[in-house]
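> Residue numbers (this note's numbering): 6 to 671.
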Amino acid sequence: MDTSKRFDKGNGGCPKIQCEANIDVLCQSCASGVVTAAHRVELRATEPCLFGKGGTCCRNCNMGPCQIIEGVDQMIGICGADASTVAARNFARIVAGGASAHIDHGRGLVMAFLATAKGETPYTIKDEDKLRETALRLGIVPNGKDKNDLAIEVGTLLINEFGQQSGRLLFAGRAPKPRQELWARLGVMPRGIDREVVELMHRTHMGVDQDYRNILFQAARCSMADGWGASMIATELSDIMFGRPAPIRTKVNIGVLKEDEVNVTVHGHEPVLAEALAMAANDPEIIAEAKKVGARGINLAGVCCTGNEILMRRGLPIAGSFIQQEVVLATGAVEVMVVDVQCIMQGVSPAANRYHTELITTSERAKMAGATHIQFEEHRALDVAREILRRAIERYPRRGEHYIPIYQADVVAGFSHETINYILGGRFRASYRPLNDNIANGRIRGVAAIVGCDNYRVFDEIHVELAKELIANDVLVVVTGCAATGVGRAGLLNPTALTMAGPGLREVLEAVGCPPVLHMGSCVDNSRILVALTEMAKIGGLGSDISDLPAIGCAPQWMSEKAVAIGQYFVTSGAAVVFGPNFPTSGSRVVTDYCMKDMQNLYGATWDVAQTPNEFANKMIDKINEKRRALGLDKKKERVLFDMAMRRELGSPGAALHDVGCHGPG
Ligand code: NFS
Ligand code: SF4
Numbered sequence: 006m007d008t009s010k011r012f013d014k015g016n017g018g019c020p021k022i023q024c025e026a027n028i029d030v031l032c033q034s035c036a037s038g039v040v041t042a043a044h045r046v047e048l049r050a051t052e053p054c055l056f057g058k059g060g061t062c063c064r065n066c067n068m069g070p071c072q073i074i075e076g077v078d079q080m081i082g083i084c085g086a087d088a089s090t091v092a093a094r095n096f097a098r099i100v101a102g103g104a105s106a107h108i109d110h111g112r113g114l115v116m117a118f119l120a121t122a123k124g125e126t127p128y129t130i131k132d133e134d135k136l137r138e139t140a141l142r143l144g145i146v147p148n149g150k151d152k153n154d155l156a157i158e159v160g161t162l163l164i165n166e167f168g169q170q171s172g173r174l175l176f177a178g179r180a181p182k183p184r185q186e187l188w189a190r191l192g193v194m195p196r197g198i199d200r201e202v203v204e205l206m207h208r209t210h211m212g213v214d215q216d217y218r219n220i221l222f223q224a225a226r227c228s229m230a231d232g233w234g235a236s237m238i239a240t241e242l243s244d245i246m247f248g249r250p251a252p253i254r255t256k257v258n259i260g261v262l263k264e265d266e267v268n269v270t271v272h273g274h275e276p277v278l279a280e281a282l283a284m285a286a287n288d289p290e291i292i293a294e295a296k297k298v299g300a301r302g303i304n305l306a307g308v309c310c311t312g313n314e315i316l317m318r319r320g321l322p323i324a325g326s327f328i329q330q331e332v333v334l335a336t337g338a339v340e341v342m343v344v345d346v347q348c349i350m351q352g353v354s355p356a357a358n359r360y361h362t363e364l365i366t367t368s369e370r371a372k373m374a375g376a377t378h379i380q381f382e383e384h385r386a387l388d389v390a391r392e393i394l395r396r397a398i399e400r401y402p403r404r405g406e407h408y409i410p411i412y413q414a415d416v417v418a419g420f421s422h423e424t425i426n427y428i429l430g431g432r433f434r435a436s437y438r439p440l441n442d443n444i445a446n447g448r449i450r451g452v453a454a455i456v457g458c459d460n461y462r463v464f465d466e467i468h469v470e471l472a473k474e475l476i477a478n479d480v481l482v483v484v485t486g487c488a489a490t491g492v493g494r495a496g497l498l499n500p501t502a503l504t505m506a507g508p509g510l511r512e513v514l515e516a517v518g519c520p521p522v523l524h525m526g527s528c529v530d531n532s533r534i535l536v537a538l539t540e541m542a543k544i545g546g547l548g549s550d551i552s553d554l555p556a557i558g559c560a561p562q563w564m565s566e567k568a569v570a571i572g573q574y575f576v577t578s579g580a581a582v583v584f585g586p587n588f589p590t591s592g593s594r595v596v597t598d599y600c601m602k603d604m605q606n607l608y609g610a611t612w613d614v615a616q617t618p619n620e621f622a623n624k625m626i627d628k629i630n631e632k633r634r635a636l637g638l639d640k641k642k643e644r645v646l647f648d649m650a651m652r653r654e655l656g657s658p659g660a661a662l663h664d665v666g667c668h669g670p671g
């Protein structure tokens, strides 16, 4: 695609893109003709198809594709399928796609974990405490066992859950009791991890499941195999192998690239490769080789969720979120971009090829034209990592004209659910009790999770504006995925941003030196949020189930199928979710109503949709307030009524009213 004319410097054709750093880099690199998704959005001749967008285009058989209009007789499928069936089927397939990404990630992680326990990789079992806690949770007696033997037992039990055919997933046993009972009553408890995806794909094949409610039920069960299955497994075993995240200072945004170092960006999702690269980057031999070509060392920086994984555990910087992946390359300052799986735009290959940058694919599941493939294997992890770094070192002297913007923000990240436990509860009585108490006494209004992608179809920085509005209203905000990187760029992952928080939230967080927004990790780490919500429900004082808590999630700029799988497992777990800018079943009112109203009767939570930061904030705060009212937490604000005995005790009626701060209702 030759866009050089249209986007030539000064030609007035600059693409619209969020964030100063992106604008700066694209402006500087304009003459080199690099094309990013920001350009492609504007170059496309057509708007997205409404049938596709609303979920009512079916191409599940070769009599179609059939474009369906709800309520119009002539506009049903050739097979007779109506809008509700087709929208539910398409929604379900999105969930299956998203869940399968996390499931394959989880499977790979357990295999690397088992290989590590057997001494076949350069990694070790770093967090023995968490290994023992996890073993106990899974019903394995850890006492007296060697850590590697115990890890093999844990890994074997969990790898078997992928191919399991009946029963239930072990980590789902962590959920609050009432939730587990509800799942058992509904039959929505996943039986095995892979089974739920395969069954969902089967049910949505032409001519199988046609009742939208039944299809959406299996979509919910499949999402659970992700959240309480593969994602939770991936998070827990990554923590055991690579260490549990704890608060750590680092930086985000493109300005983390370095002028005088070999820049290697690691993009994708699986922490196994990134950890090996981080180990190799500290190898004195590699550093000496970098020095030989005139560089001061190796600068490893993350992109997308790999970035979040190494940021949480190693404090390595993040160069960019999803929307920045090509912009990072457009600096011309990256020697190698190494990728594994998920969220890697095909556009990075031509973008890299405009410069001296080598794009290296590492997973046999994800190869790209124009890239070098170096297969990563955990058994030879360090050799592969060293080979990649040597290729980057070799490229460094070939770095041509380039431009590194100044933009970078200081962040404090690393809030695993265990950390939140310690920080808010204190070292000697780690517990969610103080958080619950602060919610009950109204200092903190509730908890909101802002998760998911950023997206070229959404121009406004919704994550940032929304986070600001929520913290100003004393809502404790947790973030994961690319949303976390976005709010980090805006400075909200920094304790100095506490000035933007409401007085109650500020008081609580200032005491412990936390930023007003807590970074909980990558997208698989949304399972940490499930665990945190579970702990809050179990501690008591805020009801007994996740659906009782004044807590809500949102994905305001969703792009990936994974976001839909995540949203569905939150809803199935009892936490309401607001999605934006659109909901994928909007072509069927019947299915959309089912998701946004009827799911309440099943799971005690629903989906919702919003577009602007203000609309998101209103819906989320309303929902939190509703939960507070249901818990009776707003009672203290009601007018106190005095009886005669109280008046006598307090002296004159006027003074009494004044002293207890009773200024009328509300
Ligand atoms: Ni999550 Fe992470 Fe980012 Fe979206 Fe993609 S990187 S797994 S899917 S775009 S948040
Ligand atoms: Fe059309 Fe039915 Fe085939 Fe879908 S399954 S493409 S609605 S005929």
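No residue lacks a Cβ here, since even glycine has one placed at the ideal position from N, Cα and C. Keep in mind that this is a model prediction, so the values were computed, not measured.
(1) Run through the DSSP bridge pairs and tell me what Lys256 is partnered with.
(2) Compute the minimum distance between the beta carbon of Gly496 and the heavy atoms of the ligand SF4, and state whether it is under 7 Å.
(3) Helix, strand or coil, according to DSSP, for Thr129 in the structure here?
(4) Which first and last residues belong to the alpha helix (DSSP H) in which Leu175 is found?
(5) In terms of residues, what are the limits of the alpha helix (DSSP H) holding Trp188?
(6) Does Met373 come out as helix, strand or coil in the three-state DSSP assignment?
(7) Say yes only if the C-beta of His468 is nearer than 7 Å to one or more non-hydrogen atoms of the ligand GDP, and no if none qualify.
(8) Using 8 Å as the threshold, is the C-beta distance between Ser368 and Asp345 below it?
(9) Is Gly509 near the ligand NFS, judged by its Cβ being under 7 Å from some heavy atom?
(10) Give every residue whose Cβ lies closer than 5 Å to any heavy atom of the ligand SF4, listed in chain order.
(11) Please state the DSSP three-state secondary structure of Val484.
(12) Using a Cβ cut-off of 8 Å (strictly closer), state whether Ala300 contacts chain D.
(13) Once the 5 residues before and after Ala537 are set aside, which same chain residues still bring their CB inside 7 Å of it?
(14) Smallest Cα separation from Arg385: which of Gly59, Ala120, Cys559 and Pro53?
(15) Compare the C-alpha of Gly320 against each of Thr255, Asp265, Ser326 and Val277 and name the closest.
(16) Grab the span of the alpha helix (DSSP H) containing His4 for me, first residue to last.
(17) Using the C-alpha atoms, what's the distance from Gln185 back to Gly545?
(18) Between Ile220, Arg190, Asp216 and Leu440, which has its C-alpha nearest Glu204's C-alpha?
(19) Considering just the uninterrupted stretch of the beta strand (DSSP E) at Ile303, what are its terminal residues?
(20) Grab the span of the alpha helix (DSSP H) containing Glu382 for me, first residue to last.
(21) Residues in the same chain with beta-carbon distance under 6 Å from Ala615, minus the five sequence neighbours each way, listed in chain order, please.
(22) Report whether the distance from the Cβ of Gly585 to the nearest heavy atom of the ligand NFS is below 7 Å.
(23) Ile130 and Ala140 look like a contact to me (Cβ under 8 Å); what is the Cβ gap, rounded to whole Å?
(24) The beta strand (DSSP E) that contains Glu363, what's its start and end?
(25) Considering only the alpha carbon of each residue, which of Tyr574, Asp603 and Gly592 lies closest to Ala683?
(26) Among Pro555, Ile557 and Gly572, which has the Cα closest to the Cα of Trp563?
(27) Compare the Cα-Cα distances from Val40 to each of Met284, Leu55, Arg301 and Met350 and report the closest residue.
(28) Apply the 10 Å Cβ neighbour rule to Asn67 and answer buried if 16 or more other Cβ atoms are within range, or exposed otherwise.
(29) Along the chain, which unbroken stretches of the alpha helix (DSSP H) at least 4 residues long are found entirely within the stretch 536-567?
(30) Within 10 angstroms of the Cβ of Cys54, are there 16 or more other Cβ atoms? Answer buried if so, exposed if not.
(31) Determine the direct distance from the alpha carbon of Asp639 to that of Ile629, and round the result to whole angstroms.
(32) Could you tell me if His210 is buried or exposed, where buried requires 16 or more neighbouring beta carbons within 10 angstroms of its beta carbon?
(33) What would DSSP say about Ile323, mapped onto helix, strand or coil?
(34) At the level of alpha carbons, what is the spacing between Lys642 and Asp613?
(35) Using 8 Å as the threshold, is the stretch 350-364 in touch with the stretch 392-406, meaning 3 or more CB pairs across them?
(36) Have a look at Arg359 and Cys35 and give me their C-alpha separation to the nearest angstrom.
From the atom records:
(1) Counting from one through the sequence shown, the residue named residue 256 turns up at place 251. According to DSSP, Lys256 bridges with Asp415.
(2) To locate residue 496, count along the sequence shown from 1; it is residue 491. No; taking the cut-off as 7 Å, the Cβ of Gly496 has no heavy atom of the ligand SF4 nearer than that.
(3) What you label residue 129 is simply residue 124 of the sequence shown in a count that begins at 1. If DSSP states are grouped into helix, strand and coil, Thr129 belongs with coil.
(4) Residue 175 sits at position 170 when you count from the first residue of the sequence shown. No alpha helix (DSSP H) holds Leu175; DSSP gives it neither H nor E.
(5) Position 183 of the sequence shown, counting from 1, holds the residue named residue 188. Counting along the chain, the alpha helix (DSSP H) containing Trp188 begins and ends at Lys182 to Leu191.
(6) On the sequence shown, position 368 is the one that residue 373 refers to. In the structure shown, Met373 sits in coil (DSSP, three-state: anything other than H, G, I, E or B).
(7) Among the ligands modelled here, namely the ligand NFS and the ligand SF4, the ligand GDP does not occur.
(8) By 1-based counting over the sequence shown, the position of residue 368 is 363. By 1-based counting over the sequence shown, the position of residue 345 is 340. Yes.
(9) Working through the sequence shown from its first residue, we reach residue 509 at position 504. Relative to the ligand NFS, the beta carbon of Gly509 is positioned no closer than 7 Å to any heavy atom.
(10) Every residue passing the under-5 Å Cβ criterion appears here: Cys63, Asn65, Cys66, Met68, Gly69, Cys71, Gly82, Ile83, Cys84, Ala86 and Met211.
(11) As a first step, residue 484 is located in the sequence shown; it is residue number 479 there, counting from the start. Correct three-state label for Val484: strand.
(12) Absent here is chain D; the protein component of the structure consists of one chain.
(13) The residue given as residue 537 occupies position 532 in the sequence shown. Contacts found: His422 and Ile425.
(14) Looking up residue 385 in the sequence shown gives position 380. Among Gly59, Ala120, Cys559 and Pro53, the Cα nearest to that of Arg385 belongs to Ala120.
(15) Numbered from 1 along the sequence shown, position 315 holds the residue referred to as residue 320. Nearest C-alpha to Gly320: Thr255.
(16) Here the chain has residues from 6 to 671 only, and residue 4 is not among them.
(17) Locating residue 545 in the sequence shown gives position 540, where the first residue counts as 1. Locating residue 185 in the sequence shown gives position 180, where the first residue counts as 1. Gly545 and Gln185: Cα-Cα distance of roughly 17 Å.
(18) Position 199 of the sequence shown, counted from the first residue, corresponds to residue 204. The residue with the shortest Cα to Cα distance from Glu204 is Ile220.
(19) For the purposes of this step, residue 303 is identified with residue 298 of the sequence shown, where counting begins at 1. That run of the beta strand (DSSP E) goes Ile303 to Val308.
(20) Translated into the one-based positions of the sequence shown, residue 382 becomes position 377. Here Glu382 belongs to no alpha helix (DSSP H), and DSSP marks it neither H nor E.
(21) Here the question's residue 615 lines up with position 610 in the sequence shown. Excluding positions up to five away in sequence, the list reads Val583, Gly585, Phe621 and Lys624.
(22) Sequence index remark: in the sequence shown, residue 585 carries index 580 (1-based). No, the beta carbon of Gly585 sits no closer than 7 Å to any heavy atom of the ligand NFS.
(23) Taking the sequence shown and counting its residues from 1, the one referred to as residue 130 is at position 125. Taking the sequence shown and counting its residues from 1, the one referred to as residue 140 is at position 135. Rounded, the Cβ-Cβ distance is 11 Å, inconsistent with contact.
(24) Mapped onto the sequence shown, residue 363 falls at position 358. That run of the beta strand (DSSP E) goes Glu363 to Thr366.
(25) The structure shown has nothing for residue 683, since the chain only spans 6 to 671.
(26) The residue given as residue 563 occupies position 558 in the sequence shown. The option with the nearest alpha carbon to Trp563 is Gly572.
(27) Within the sequence shown, numbered from 1, the residue matching residue 40 stands at position 35. With distances taken between Cα atoms, Val40 lies closest to Met350.
(28) Residue mapping note: residue 67 aligns to position 62 of the sequence shown, counting from 1. Exposed: under 16 other Cβ atoms inside 10 Å.
(29) The stretch 536-567 contains no whole alpha helix (DSSP H) run of 4 or more residues.
(30) The sequence position of residue 54 within the sequence shown is 49, counting from 1. It counts as exposed.
(31) On the sequence shown, position 624 is the one that residue 629 refers to. On the sequence shown, position 634 is the one that residue 639 refers to. So the two alpha carbons sit approximately 12 Å from each other.
(32) As a working mapping, residue 210 is identified with position 205 in the sequence shown. That one is exposed.
(33) Your numbering for residue 323 matches position 318 in the sequence shown. Ile323: strand per DSSP, three-state reduction.
(34) The residue you call residue 642 lines up with position 637 of the sequence shown. The residue you call residue 613 lines up with position 608 of the sequence shown. At Lys642, the pLDDT of 45 sits below 50, so the modelled position is not reliable and the matter cannot be decided from this model.
(35) With the cut-off at 8 Å, the stretch 350-364 and the stretch 392-406 touch.
(36) Looking up residue 359 in the sequence shown gives position 354. Looking up residue 35 in the sequence shown gives position 30. Looking at the two C-alpha atoms, the distance is approximately 12 Å.
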